[in-house]
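Note sheet for the following structure.
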Amino acid sequence: MATTNLGPVLSAFERRPESLIPLLQSVQESLGYLPPDVLGTVARHARVPRSRVYGVASFYSQFRFNPVGRHRVAVCRGTACHVGGARFILEQLERTLEILEGQTTEDMEYSLETVACIGCCGLAPCISVNDEVSAKLTPMKVRKQFKKARK
Amino acid sequence: MSQKIEVSIDGSTVMVDASATVLEAALEHDLFIPHLCHHPDLEPAGVCRLCLVEVDGCLVTACNTPVTGGAEIRTDTEAVKETRLGAVELLLVNHHHGTVDCEEGDACELNRIARFVGVDETRLDRYRPPDRSLPVDTSNPFFAFDPSICVLCGICVRTCDEIVGVAAIDFVQRGFDTTIGSAPGQQWIDSDCVSCGECVARCPTGALSFTGFETPEREVTTTCTYCGCGCGIHLGVAGDRLVSARGQRENPSNEGRLCVKGRFGFTFVNSPDRLTTPLIRRNGTLEEATWDEALDLVAEKFSASRGDAFAAIASAKLTNEENYLIQKFSRAVMGTNNVDHCARLCHSPSVAGLVQSFGSGAMTSSSKDIGDARCIFAIGTNTTAAHPIIGLQVMRSIRAGGKLIVVNPREIELARYADLYIQNRAGSDVALLMGMMRVIVDEGLHDPEFIEARCENFEAFRDSLGQYDEATVEEKTGVPFAQIAEAARMYAQNSPAAILYAMGITQHTHGTDNVLATSNLALLTGNVGLPSGGLNPLRGQSNVQGACDMGALPNVYPGYQNVAIPEVKAKFEQAWGVELDDVPGLTHLEILRGVTAGPIRAIYLVGENPALSEADATHAREAMEKVDFLVVQDIFLTESAEYADVVLPAASFAEKDGTFTNTERRVQRVRKAIPPVGDSRDDAWITCAIARRMGEEGFDFESAEEVMEEIASLTPSYGGITHDRIEQVGLQWPCPEASHPGTRYLHAETFPRPGGRGRFFPLKYRPPDEEPDAEYPLVLTTERSLYHYHTATMTRRVPGLETLRSEELVEIHPRDAVALAIASGDRVRVTSRRGEVEAHALVTEVSPPGTICMTFHFHEAPTNVLTNAAYDPVAKIPETKVCAVRVERA
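Protein chains in written order, with the working numbering: chain A, 2 to 152; chain B, 61 to 950.
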């Protein structure tokens, strides 16, 4: 199903191996992520083996193999947040949302990821939900914020 | 020879190849440098960092550093030792979580290296071991992958890419998580892997291991029993069972490489289904009997059917010696030329066509030389599936920058690698090839000197090109003419160019014309008589070349000596001491038809299964049912054996001595690895026993070697071949005398035709016998699976192969599938004018619109019930590649 509307995306790129990365970026932009069956389509178009598409796509953190939820929760793991206990914030989010880092909830509401730094070190530890930042978090606050939303 | 230069290694001055790497130079002089990611078959990678040496004071990796004249190489300095030790330790931490006692023992190269460099296990505690434990991937039936043993040397990745060309696996993920994989969440089995096991055979750590591997007690070197590639294998034996197979590196046909069937397909030999005792039909059922009873009955019935009431169908799976004996038995004992075999159904147009144009109906090149071609034109051959080891040569040529043109109605695996892929309408090859030749002549890309010096009948041929104008060619082939013109230029301008073809060319009512069209193309561009240029019919079975060479054909004695020529007849009459018939006998199809509408009353069917393999198979079954006396000699109770009056249990290829002749004309040894199973006997013994019981002389051979002596004395092209001479490496015929080295490529100077010239043939396009119409709107074309062989009597008794492909699939294009409301996995009924078959559908773009594809491997869905038995007027091959069908949901 996802493959059927890829025609225009693919046709913007030359059918050669050098097109692979821009092609993947363009496909992800169009679909939000890289579904497994799309990798084969991309491989055929760029004339590279399927395994190489996955090898390349999984090497770069910008590529995702799972769909993202409506709310993209990003846990900051910058120095200040790390010192402030980002690890516990992440663990709490994993427990509350019942997903692991890199995954999306079944109802497609939440995705969980980590980022190197949001740039609000004064508010550490913090997370961003879509582009909104929640500051000075504790595991308890995280639990409250998301438990309510999950109901 | 490459130039030698002087270098110093650890103080001693040595001469080494100027093109060598430091590692190769050291290894050549028996100096061990630890190395893990290096493999002589692969390009240097330099990733494991174990082969560190000092060259002129600098630390470098030896495997990818070329030697330079006067270089001072040191392998034992403190810097080398210390740095290397660290590298070994780091790898060990990722291997079995850092234990030195790898259970693989000496088979684990890293283990050996750890001992060589003297790793102190307590030092490994300094490192933090990886905290991940990934599951072992056991999804492939033949091997497993354990990521916690893998140190990411990449030999498997490079083998799959550089040698196999499939690139099913790659490094995936990043950093600590890096592993070997194919796609997100996919197991090995879901990848593009072709299960050849080449990566497993090269894995230095045991991360990839053969499932259920049993160490053999001894090994016997022989020739693979499957396709015509004729790979050398070492069969491993434990007790009386075959337990392993590995490629023979010294064999020029495969250089140690094997495909999935060759490496894993031998276990059918151990199958409990093997026939172990003769069977005689009593009161309608086959009952066990003694050899005496069976042979007496056969001798009695055959004695009463001498002359043209008898026919023998020999086998391309038997040895040369056995085929020789069967045709000798038919001719000398039974007094008839009614002897044929399944080459009739596969490459009879190659024999018939190439004898007319080149004078000899065999592959002109050697398999290995195909890899050096600058252009490969693969038409009507699914090389990677049906001839996997020759497929590797195609990959080698591509890697070296050679062009690949693929012409096939199915978008086969090779199409992925092609510079140009042409999807033509099934059965339109003459129009396509002649269209190409018209472009070549019009644009002056032909080779006038070669044509003038070595060919004849060019003018008549050139005149016949007039009818192949753009519009006609496009209409017949369904291909834009621009593509055909591009193919013509690519083929003509990249020399040497090799043509490969198989059943897609031959299995047509115009199969001989197709073959002549390919030979025209090769002659036109002077691509004959070169090592890597040429015309190469890829023969399907292990000894189909040999069975033809041995005269298991109704019109020729061994060595293609015509039965109708009085001098030839006289020669064989004298040698065999009997009177012989000079009228050519019946062909395969005619033999079975001769039961209902002809003289045939007794059939001696050896190692063949017409119930599944014959076009219009229902008719073949009726013939076998009706014939007065049917003897089936086989290793399993095949679908055809069910019709037999007597079943004689034969020994498999691993249980006898003899020779096979592979597709590149190489005569190679088949050796007995284990004794015949149960009370089975080798086919030579059985044929001789029947003849002797009929009171005949000339069948008292002590060994296969003695039979070969008789063959050599009567067959000019085998004149110089003895078992002794091919003990180590096989010889390629023609090999007329004991001092002849064999022939690597044919037609170097002249063609073996009267006058010595290659002949052009004007050709007229003829459509297939049956074309789609309103009632039967689709074309059915037949194909092969990589995982099965012929009617699959052997491969379906190999559990792993059965896992990889267990049923017939009707391949249908999405456009046709939508129109018929069919989805993948739906049960469909395929109906032709001759019958109907049910199987599951596979909706795929591999199959072109309007055409469906099926194999003929599965008895549950016998495809040949559907196919058309209309045949080529010259070669008498039925048109199994094209028939009209209707598809509906079942």
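Cβ atoms here follow ideal geometry from the backbone N, Cα and C, with glycine treated the same way. Since this is a predicted model, take the numbers as computed values, not measurements.
Please list, in chain order, the chain B residues whose beta carbon lies closer than 7 Å to that of residue 53(A). Near residue 53(A) (Cβ distances below 7 Å), the residues of chain B are 227, 230.
For chain B, check one thing: does any of its Cβ atoms lie closer than 8 Å to the Cβ of residue 6(A)? No, because no Cβ of chain B sits closer than 8 Å to the Cβ of residue 6(A).
Looking at the strands, I want to know which residues DSSP matches up with residue 664(B). The bridge partners DSSP lists for residue 664(B) are 372(B), 691(B).
Measure the C-alpha to C-alpha separation of residue 724(B) and residue 802(B) and round it to an integer number of angstroms. The alpha-carbon separation between residue 724(B) and residue 802(B) amounts to approximately 11 Å.
Under 7 Å between beta-carbons, which chain B residues line up against residue 66(A)? List them in chain order, please. By Cβ distance, chain B contributes 244.
Examine chain B for any beta-carbon lying closer than 8 Å to the beta-carbon of residue 18(A), and answer yes or no. Taking Cβ atoms only, chain B never reaches closer than 8 Å to residue 18(A), which makes this a no.
Under DSSP, the alpha helix (DSSP H) around residue 728(B) begins and ends at which residues? Where residue 728(B) is concerned, there is no enclosing alpha helix (DSSP H), although the beta strand (DSSP E) around it starts and stops at 726–730.
Euclidean distance between Cα positions of residue 378(B) and residue 549(B): If you take the alpha carbons of residue 378(B) and residue 549(B), they lie about 42 Å apart.
Examine the Cβ distances between the stretch 273–281 of chain B and the stretch 294–306 of chain B and report whether three or more of them are shorter than 8 Å. Under the Cβ criterion (8 Å, minimum of three pairs), the stretch 273–281 of chain B counts as touching the stretch 294–306 of chain B.
For residue 72(A), write down the residues that DSSP places opposite it in a beta bridge. Per DSSP, 111(A).
What first and last residue would you give for the alpha helix (DSSP H) that runs through residue 564(B)? Start and end: 563–566.
Is there at least one Cβ from chain B nearer than 8 Å to residue 32(A)'s Cβ? No, its Cβ sits nowhere closer than 8 Å to a Cβ of chain B.
Per DSSP, what kind of secondary structure is residue 101(A) in: helix, strand or coil? In the structure shown, residue 101(A) sits in coil (DSSP, three-state: anything other than H, G, I, E or B).
Boundaries of the alpha helix (DSSP H) in which residue 643(B) is found, first to last residue: If you look at residue 643(B), you'll find it isn't in any alpha helix (DSSP H); DSSP assigns it neither H nor E.
From the DSSP output, which residues share a beta bridge with residue 464(B)? According to DSSP, which records beta bridges pairwise, residue 464(B) is partnered with 436(B).
DSSP state of residue 938(B) mapped onto helix, strand, coil: Looking at residue 938(B) - three-state DSSP - the assignment turns out to be strand.
Can you find the residues in the same chain that come closer than 8 Å, C-beta to C-beta, to residue 81(B), ignoring five residues on each side of it along the sequence? Hits under 8 Å: 104, 122, 123, 124, 125, 126, 127.
Those residues which DSSP pairs with residue 898(B) across a bridge: Looking at the DSSP assignment, residue 898(B) forms a beta bridge with 889(B).
Counterpart residues of residue 596(B) in DSSP-defined beta bridges: According to DSSP, which records beta bridges pairwise, residue 596(B) is partnered with 560(B).
Against chain B, which members of the stretch 63–90 of chain A pass a CB distance test of less than 9 Å? Identification of residues in the stretch 63–90 of chain A having a C-beta nearer than 9 Å to some C-beta of chain B yields 66, 67, given in sequence order.
Can you list, in chain order, the residues of its chain with a C-beta nearer than 6 Å to that of residue 611(B)? Leave out the 5 residues immediately preceding and following it. Excluding sequence neighbours, residue 611(B) sits near 387, 617, 618.
Under DSSP, the alpha helix (DSSP H) around residue 551(B) begins and ends at which residues? Residue 551(B) -> alpha helix (DSSP H) spans 541–553.
Interfacial residues, the stretch 240–271 of chain B to chain A, with Cβ spacing under 8 Å: Within the stretch 240–271 of chain B, the residues whose Cβ lies closer than 8 Å to some Cβ of chain A are 241, 242, 243, 244, 245, 246, 251, 252, listed in chain order.
So, for residue 629(B): in the same chain, excluding its five sequence neighbours on each side, which residues have a beta-carbon less than 7 Å away from its beta-carbon? Exclusion of the five residues before and after residue 629(B) leaves 623, 640, 642 as the residues of its chain whose Cβ lies within less than 7 Å of its Cβ.
What does residue 24(A) reach in chain B if we use C-beta pairs closer than 7 Å? What residue 24(A) touches in chain B, judged by beta-carbon distance under 7 Å, is nothing: the nearest beta carbon there is about 16 Å away.
Can you list, in chain order, the residues of its chain whose CB lies under 7 Å from that of residue 587(B), leaving out five sequence neighbours each side? Here the set comprises 555, 556, 557, 593, 594.
Does chain B have any CB closer than 8 Å to the CB of residue 40(A)? For residue 40(A), the nearest CB of chain B lies under 8 Å from its own CB, placing it at the interface with that chain.
Out of 370(B), 270(B), 256(B), 303(B), point me to the one whose CA is closest to residue 316(B)'s CA. Closest in C-alpha terms to residue 316(B), from the list 370(B), 270(B), 256(B), 303(B), comes 256(B).
Opposing strand residues paired with residue 64(B) [DSSP bridges]: Looking at the DSSP output, residue 64(B) sits in a beta bridge with 77(B).
If residue 445(B) and residue 505(B) are in contact, beta carbons under 8 Å, what's the gap, nearest whole angstrom? That belief does not hold up - the Cβ atoms of residue 445(B) and residue 505(B) are roughly 32 Å apart, past 8 Å.
Enclosing alpha helix (DSSP H) for residue 575(B) [first to last residue]: 571–584 is the span of the alpha helix (DSSP H), which, as asked, contains residue 575(B).
According to DSSP, is residue 62(A) part of a helix, a strand, or is it coil? Collapsing the DSSP output to three states places residue 62(A) in coil.
Would you report the Cα separation of residue 758(B) and residue 613(B), rounded to the nearest angstrom? Approximately 20 Å between the Cα atoms of the pair.
Any Cβ of chain A within less than 8 Å of the Cβ of residue 233(B)? Chain A, which has a Cβ nearer than 8 Å to the Cβ of residue 233(B), makes this yes.
Residue 294(B) in three-state terms, based on DSSP: Shown here, residue 294(B) sits in a strand according to DSSP, grouped into three states.
Less than 8 Å between the C-beta atoms of residue 78(A) and residue 139(A), yes or no? Cβ distance not < 8 Å, so residue 78(A) and residue 139(A) don't count as in contact.
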